[in-house]
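Chains as they are written, first to last, in this note's numbering: chain A, 3 to 472; chain B, 3 to 472. Have a look at the structure below before the remarks.
2 protein chains.
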Amino acid sequence: MAEPSGAGYSIPLDDPGLDIAAGEEFLQEVFQILLEEGVRKSTDVTQKVCDWKEPQELRELLDLELRNDGEGREQLLQRCRDVLRFSVRTGHPRFFNQLFSGLDHHALAGRFLTETLNTSPYTYEMAPVLVLMEEQVLAKLRELVGWSSGDGIFAPGGSISNMLAMNVARFRRFPESRSRGNWDLPRLGLFASQESHYSILKGAALLGIGTDNVHLVRTDKRGKMIPEELEKEIQRVKAEVRTGCTPMSPKPLKLPNASPGSEPLFVCATSGTTVLGAFDPLDAIADICAHHGLWLHVDGLLQRCHGVGASYLFQRDKFYDVSLDTGDKSPQCGRRADGLKLWILWKAVGSQGLGQRVERAFSATRYLLEQVKRREGFQLVMEPEFINLCFWFIPPSLRGQESSPEFWDKLGKVAPAIKEKMIRRGSMMVGYQPHGSHVNFFRQIITNPAVTRHDLDFFLDEIQELGWDL
Amino acid sequence: MAEPSGAGYSIPLDDPGLDIAAGEEFLQEVFQILLEEGVRKSTDVTQKVCDWKEPQELRELLDLELRNDGEGREQLLQRCRDVLRFSVRTGHPRFFNQLFSGLDHHALAGRFLTETLNTSPYTYEMAPVLVLMEEQVLAKLRELVGWSSGDGIFAPGGSISNMLAMNVARFRRFPESRSRGNWDLPRLGLFASQESHYSILKGAALLGIGTDNVHLVRTDKRGKMIPEELEKEIQRVKAEVRTGCTPMSPKPLKLPNASPGSEPLFVCATSGTTVLGAFDPLDAIADICAHHGLWLHVDGLLQRCHGVGASYLFQRDKFYDVSLDTGDKSPQCGRRADGLKLWILWKAVGSQGLGQRVERAFSATRYLLEQVKRREGFQLVMEPEFINLCFWFIPPSLRGQESSPEFWDKLGKVAPAIKEKMIRRGSMMVGYQPHGSHVNFFRQIITNPAVTRHDLDFFLDEIQELGWDL
């Protein structure tokens, strides 16, 4: 056995190299800190949402540097407190900055359980409970969209899910692409609305398809894909194809300087766009996809597509049903058992409870909508279709000047100014963005079931107060 | 606002839609269960490593079905106990099945903290502490490999890291590939050893490069890439190129029926192969890459490569330094704050403590190596180079028959038979696999610092006992 220079290998092996009792005590203490500073304060409306520090100030406060020697228990516990203190409280009833706002105790318990198990659901042998649980959660999710059969896997986030969907579509139409790459295929065309998530572009880049081959289809003023525009765009792209290749004979006969053209493959329809919360008209889009033989994006996966069959992990001579070894379906090897969190939450509140949360989100949006319409100085960007409520706050100094040439320029600076004030005060957090021809506006999405009417009144009062003098 | 049919939106908003006090009590109780059943039993050598059940039996025991109504607290707590009871104890000192064996209390505390924070380190605004922490951990990791500058990001696992590395290499050489896809590029050639991780093949498929364009370079009998073979393979692939394209003018002039050829792009050198733990000779490979202008795989990333600049997430009109908004470097949008776990562990034990763990792993391997050599019936596959120890157990019935024609066939059935017995008994878990011309053998990798000499003696005793009558 080769010995890298400097390593002595003289570590005695008689006792464990960890102090297990001290470790358990540490965990116990960290948990109490988590419960008090992380969970209780995070859900307590009288606490700040964030305690803003400039990066340099925070670097000095935290002493992040990693050194040669370890630190003692009290210091480590203080570090845990500091991490919680200076982090954003995403579970707070007045944190509205991202879609994942809120803290559900059952779901958090599920994550603690997942982390304690510290395994990867790639084989039944390694994660018997988690593999069966994932099977059940996926079946239940398919049932929600009306499917009685199918396959699936949890991916680490929506962006990667979208990429996998594109990859499955390519593999299904051109199975040889897996071994031969894109070169023998016609140039592929992907279609998504102008409002689709940016991961479609990232995915096209990663998959070697290229962002130029993503055709962004025009939307109506509510942000929905216009089916007639999709049809036109498909026709336009098809008409450009002058390479003589067809899906059945994918080897293009390329003439020098011939226009490459492209072959429509995949349509991504969006159900709930990021900013406006628009739903593309699925039935009409599905008809167009069926007519042209295009893949309409769903989150199914296929084992043959991502699988390569690594013998050291996926032995076929095991003594149990190896169809439960799901690892080869994913482009990942190890992955977190993301089904457990959802499973325990579902068990805790039932389909009924989950449904009520959805209804509550609509109720909250409707209440806020009424208030926005009623209050002076608030102006809707458009009537909401879903739970995204987009609006401007017009400070008194700008009111009545809607027709002046600088009005929109000035209004576009209002949301960032209010946002800065709210973060420095730590009272709440909400996102803003420009969109198309619209200057910066706030986007409110209430998914946290802990949010009350009082929080929604506060939300509007606070914007009004912070923006009053602008 | 449109109302989907059936939804009433009559949920009152006066009170929170969650019982926060009950949630905290539930978390407190789950934590005690986790500590007792998940942590303490997982690290207790007198407990079973797993409690094996057949899939159908386990489905019945667990009642995984998700129903319309939620369940009461006692039942949910029992479910948490059941999940822990029937899962594999990856923290157990006799769990050797995967590389991530062991349970470190500080690291687990770090994960609990990460989950409680429930945020995504894509912007400083959303995760001030975590973004700065990740910056520090990445700088320290670069320091370990001798780099004083650079960039980086945590990816969800090694497979996706490998794919990102390939993507960075392609973008660096052919920046236009991001917008135009692979079609205008020469066919690209990737090189990795026969022993490289299977994610290289998966990545080539995903990136539209194709598994046929991954050239697996021959290894020596220890599993190391042979630099002369790499050179030969590069030369061979280059000689096939008859398309007239160069990296500077990437548009190939393809003649009908011309051999496509391919343009060498990327070499993946492996430091510690999966089965044998072999280290490719980096210096010699680096020289070859420099000579041919090929990318030698490192885990760096580049913002320009994966970024698309989504205005709703990465506003440029923020009031702080937006270079800290790291989200646009990754192909993911939201991602977990994976740096925190490592940071807290590093703070707890220091670089010194981490170093000792590495030394302890070598000590354990050396001890086990001596025992394997000393014990009758155990046979090394080869002398270990790293902490992977590969060996066969030869049952008495097969000893002395090494020259018989059926010997290797019969020996190949021994490891699976022992593995089945060990899982049914629940006494320990270790992996086996065939490799090249070698029939199934055990691969032992001891990374858990809690493993003692007593556990290693037990490991060999148990294999001997379970395999004695085969």
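Note that CB positions come from ideal geometry on N, CA and C, so glycine has one too.
Start-to-end residues for the alpha helix (DSSP H) that takes in residue i
i	result
S195 of chain A	First-last for S195 of chain A: 190-195, but that is the beta strand (DSSP E), not the alpha helix (DSSP H).
H299 of chain B	Segment: none, H299 of chain B is in no alpha helix (DSSP H) and carries neither H nor E.
Q80 of chain B	75-87
E64 of chain B	Here residue 64 of chain B turns out to be Leu, not Glu, going by the sequence shown. First-last of the alpha helix (DSSP H) with L64 of chain B: 57-64.
W410 of chain B	409-414
N547 of chain B	Nothing can be reported for residue 547 of chain B, as the shown portion of chain B is limited to 3 through 472.
H294 of chain B	284-294
A280 of chain A	Counting along the chain, A280 of chain A falls outside any alpha helix (DSSP H), and DSSP gives it neither H nor E.
L208 of chain B	201-208
Exposure label - residue i; buried when at least 16 CB within 10 Å
i	result
N120 of chain A	buried
W345 of chain A	buried
Q446 of chain A	buried
E404 of chain A	exposed
D282 of chain A	buried
T221 of chain B	buried
N169 of chain B	buried
V147 of chain A	exposed
A24 of chain A	exposed
R401 of chain B	exposed
D65 of chain B	exposed
G295 of chain A	exposed
R96 of chain A	buried
A271 of chain A	buried
S261 of chain B	With a pLDDT of 45 at S261 of chain B, under the threshold of 50, the modelled position of this residue cannot be trusted, and the question is left open.
N70 of chain A	exposed
E39 of chain B	buried
S365 of chain A	buried
T245 of chain B	Residue placement at T245 of chain B cannot be trusted, given a pLDDT of 47 that sits under 50; the coordinates are not used to answer.
A417 of chain A	buried
As assigned by DSSP and simplified to three states, the class of residue i
i	result
E235 of chain B	helix
Y369 of chain B	helix
E230 of chain A	helix
H94 of chain A	coil
I346 of chain B	helix
N442 of chain B	strand
T121 of chain B	coil
L468 of chain B	helix
T449 of chain B	coil
P18 of chain A	coil
M135 of chain B	helix
V360 of chain B	helix
N184 of chain A	coil
M430 of chain B	coil
Q49 of chain B	coil
F461 of chain B	helix
P436 of chain B	strand
S103 of chain A	coil
S273 of chain A	strand
G72 of chain B	coil
T523 of chain A	Any answer about residue 523 of chain A is impossible in this case: the structure gives chain A only from 3 up to 472.
Min CB distance residue i to chain E below 7 Å
i	result
Q138 of chain A	Absent here is chain E; the protein component of the structure consists of chains A and B.
Endpoints, beta strand (DSSP E) assigned at residue i
i	result
F380 of chain B	380-382
Q265 of chain A	The amino acid at residue 265 of chain A is misidentified as Gln; the sequence shows Glu. Start and end: 265-270.
C392 of chain A	390-395
L218 of chain B	216-219
### Query
Of the residues that make up the region 59-83 of chain B, which ones have a beta carbon closer than 7 Å to any beta carbon in chain A?
If you check each beta-carbon in the region 59-83 of chain B against every beta-carbon of chain A, the ones closer than 7 Å belong to L60, R61, L64, L66, E67, L68, R69, N70, D71, G72, E73, L78, R81, C82.
### Query
Taking a cut of 8 Å between CB atoms, which residues from the region 346-357 of chain B lie near chain A?
I346, W348, K349, A350, V351, G352, S353, Q354, G355
### Short-range partners of chain A found in the region 200-212 of chain B, where Cβ spacing is below 7 Å
Of all residues in the region 200-212 of chain B, only Y200, S201, L203, K204, A207, L208, L209, G210, I211, G212 place a beta-carbon less than 7 Å from a beta-carbon of chain A.
### Message
Taking beta-carbon pairs under 9 Å, can you tell me which members of the region 156-186 of chain A lie near chain B?
### Response
P158, G159, G160, S161, I162, M165, L166, N169, R172, F173, E178, S179, R180, S181, R182, G183, N184, W185, D186
### Message
Under 8 Å, CB to CB, which of the residues in the region 30-44 of chain B have a partner in chain A?
### Response
Q30, V32, F33, L36, L37, G40, V41, R42, S44
### Query
Taking any Cβ of chain A, which residues in the region 16-28 of chain B have a Cβ under 7 Å from it, in chain order?
D16, D17, P18, G19, L20, I22, G25, E26, F28
### Message
Which residues of the region 88-102 of chain B have a Cβ closer than 8 Å to any Cβ of chain A? Give them in chain order.
### Response
F88, S89, V90, T92, G93, P95, N99, Q100, F102
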